[in-house]
Amino acid sequence: MKIQYKGSVSPEALETESTKLVSEEQVTSSEASIKTQKDRFYLPVLNINHNHEWPSKPLEDRKHFTDEVATETCLGNCCGVEGLKGACCHLDPYDTEHVLGPLKGSDKDEWIRDILAWFRKRGLNLTRADVVIDYEEGKIIGETLFKDAPNNGIFQEPSAYPMLRFQVIGPRYACKFMNPVTYKCGIYAMRPNMCRTYLCNYVLTNFLVKTKSKPNTWQKVR
893 MKIQYKGSVS PEALETESTK LVSEEQVTSS EASIKTQKDR FYLPVLNINH
943 NHEWPSKPLE DRKHFTDEVA TETCLGNCCG VEGLKGACCH LDPYDTEHVL
993 GPLKGSDKDE WIRDILAWFR KRGLNLTRAD VVIDYEEGKI IGETLFKDAP
1043 NNGIFQEPSA YPMLRFQVIG PRYACKFMNP VTYKCGIYAM RPNMCRTYLC
1093 NYVLTNFLVK TKSKPNTWQK VR
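Counting in our numbering, the sequence shown runs from 893 upward without gaps.
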């Protein structure tokens, strides 16, 4: 901002006016910084993997977590937050609770091979790098895109890889295979075991579920 005067002005008056303007600019800059910082945290902090955040619902109040209930919950009332969809498939750059990995066991090699073949049949010649993020790339992602996350050290852990590649959807990152309009999984029939068997703590403490060890029995796990 320029200071314009008509006629003569004393050095003292000029210095006073300059100091005032600098002070006003600093206040404006500070307010903008506070607003930016505040606006970053309007997303719900879910803590979907923290046991203590989710009290156990009484048995008589629980529904069976059928496919229909799962669709209704995960695509409209995820973690009990109305309108929230597919939180487990998202990454919050300011509260990175988990990453989309690691792919383990048969997922690590066999699933990657199978999903690439699945895409080729549909005319898409993808490579491993189109599907997953490996350690060397992930380290850089953690240092840049997630540098403000208090727990971004997970990106520096080799054991966190390979992880599913992700995209930008709204204010968060999300699995590359999530449809940005419907929020449904684009490879649901081919999703890895990591996704097939995952149940967040909201589901475990609010519904009757079937587990890998008891696939035919509805039970209260937590």
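Ideal Cβ placement from N, Cα and C applies to all residues, glycine included.
Check: Which same chain residues, not among the five before or five after Asn-1108, have their C-beta less than 6 Å away from its C-beta?; Outcome: none
Check: Give me the Cβ distance between Asp-1026 and Tyr-1053, rounded to the nearest whole Å; I'm assuming they're in contact under 8 Å.; Outcome: 5 Å
Check: Where DSSP assigns a beta bridge to Arg-1064, which residues make up the other side?; Outcome: Ile-1061
Check: CA-CA distance, Thr-988 and Ala-962?; Outcome: 24 Å
Check: Could you pull out every residue in the same chain whose Cβ sits closer than 7 Å to the Cβ of Trp-946, ignoring the five residues on either side in sequence?; Outcome: Asn-1093, Tyr-1094, Thr-1097
Check: Measuring straight from C-alpha to C-alpha, what distance separates Tyr-1065 and Asp-984?; Outcome: 6 Å
Check: Three-state secondary structure (DSSP) at Cys-1077?; Outcome: strand
Check: I need the DSSP call for Phe-1069, collapsed to helix, strand or coil.; Outcome: coil
Check: Give a yes or no on whether the C-beta atoms belonging to Leu-976 and Met-1086 are separated by under 9 Å.; Outcome: no
Check: Here's a check: name, in chain order, each residue in its chain whose Cβ is nearer than 6 Å to the Cβ of Cys-981, leaving out the five neighbours to either side.; Outcome: Ala-1066, Cys-1067, Met-1070
Check: Between which two residues does the alpha helix (DSSP H) carrying Glu-1035 extend?; Outcome: 1027-1036
Check: Given a cut-off of 9 Å, decide if Phe-1047 and Glu-1035 are closer than it, judged by their beta-carbon atoms.; Outcome: yes
Check: Express the C-alpha separation of Gly-997 and Glu-1049 in angstroms, rounding to a whole number.; Outcome: 18 Å
Check: With a threshold of 7 Å on Cβ separation, who are the neighbours of Asn-1044 within its own chain once the five nearest residues in sequence on each side are excluded?; Outcome: Thr-988, Gly-1034, Phe-1038
Check: Straight-line CA distance for Ile-1007 to Thr-1019?; Outcome: 10 Å
Check: Specify the secondary structure class of Lys-1039 as computed by DSSP and reduced to three states.; Outcome: coil
Check: Can you give me the Cβ contacts of Lys-949 inside the same chain, cut-off strictly under 7 Å, excluding the 5 residues immediately before and after it?; Outcome: Thr-1097, Asn-1098
Check: Quickly, what does DSSP pair Leu-1091 with across the bridge? List them, please.; Outcome: Note: Leu-1091 sits in no beta bridge, so no partner.
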